[in-house]
Amino acid sequence: MTDSLDAMRRELHDLLADRAFTFGDFVLTSGRRSDFYFNGKQVTLEGRGLHLVSRLILERCRELRIDAIGGLTLGADPIVAGVAALSGEAAPLRAFIVRKQSKEHGTASLIEGPPLRAADRVMVVDDVITTGGSLLQAVDALRDLHVEVVEALAVVDRQEGGREAIEARGLRVHALFVRSEFSAPARA
76 MTDSLDAMRR
86 ELHDLLADRA
96 FTFGDFVLTS
106 GRRSDFYFNG
116 KQVTLEGRGL
126 HLVSRLILER
136 CRELRIDAIG
146 GLTLGADPIV
156 AGVAALSGEA
166 APLRAFIVRK
176 QSKEHGTASL
186 IEGPPLRAAD
196 RVMVVDDVIT
206 TGGSLLQAVD
216 ALRDLHVEVV
226 EALAVVDRQE
236 GGREAIEARG
246 LRVHALFVRS
256 EFSAPARA
């Protein structure tokens with residue numbers, strides 16, 4: 076990673092630590108209890124935070140020769156739009172969003188965005204991995220499209236078994252950060 080990317084990663088770490096982590100007693104989507112809550116949208120829905128996340132993920136996409144990036148709504152929405160926007164005109168990435176269920180009107184689409192093509196190299200993303208369910212739901216939605224899901228990527232891996240669940244399905248997982256890189260503030 077270049078010095079510039081290292082500096083971006085450090086800045087993103089600080090933003091995540093300051094804005095995205097809340098410590099206390101929480102019930103997660105999975106039903107599990109946790110002593111912290113990670114809300115990535117506190118960073119990905121703000122200009123500088125989204126820029127940093129998008130830039131770091133775009134670098135990963137370029138390394139892996141990704142054609143399209145997407146994921147399950149809502150965690151993936153700002154990320155895929157940001158990465159696609161930064162990808163520019165020379166080698167633009169297509170972005171897609173996977174609905175939690177097919178819409179009941181119009182085309183009844185489950186996947187929104189420019190059409191994916193057979194043999195596209197695809198990355199699925201989310202702001203956080205806990206059980207891996209959201210990323211796997213996005214992967215399952217792509218099943219009949221004959222794309223190659225190259226990697227599942229999250230901004231933060233909570234280190235609660237999600238990575239292992241995704242890897243058990245034969246997918247490579249990459250996280251920009253893992254939970255152990257963040258500590259609870261003294262005031263928590």
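Per the numbering used here, the very first residue in the sequence shown carries number 76; after that it's consecutive.
Using N, Cα and C, we set each Cβ at its ideal position, and we do this for glycine too.
Taking a 10 Å sphere around the C-beta of Leu228, we find 16 or more other C-beta atoms and assign the residue as buried.
In the DSSP assignment, Arg169 falls within the beta strand (DSSP E) that extends over 169 to 173. Annotation: the continuous beta strand (DSSP E) that includes Ser109 extends over 108 to 113.
Assigned with DSSP and collapsed to three states, Leu125 falls in helix. Sequence-distant Cβ neighbours of Ala159 in its own chain, meaning closer than 8 Å and more than five residues away, are Ile144, Pro167, Leu168, Arg169, Ala170. DSSP, read as helix, strand or coil, puts Val224 in strand. In this chain, the beta strand (DSSP E) harbouring Leu251 covers 248 to 253. A distance below 8 Å separates the beta carbons of Val224 and Leu246. When only Cα atoms are considered, Arg196 and Arg84 end up about 25 Å apart. In this structure, the alpha-carbon of Phe98 lies about 30 Å from that of Val173. Ser209 and Ala151 have their C-alpha atoms roughly 10 Å apart. Counting C-beta pairs with one atom in each stretch, the segment 93 to 113 and the segment 129 to 140 have fewer than three that are closer than 8 Å, which means they do not touch. Taking the Cα positions, Cys136 is about 31 Å away from Ala259. Excluding five sequence positions before and after Gly122, none of the CB atoms of its chain fall closer than 8 Å to its own CB. Around the beta-carbon of Ser162, 16 or more other beta-carbon atoms lie within 10 Å, marking it buried.
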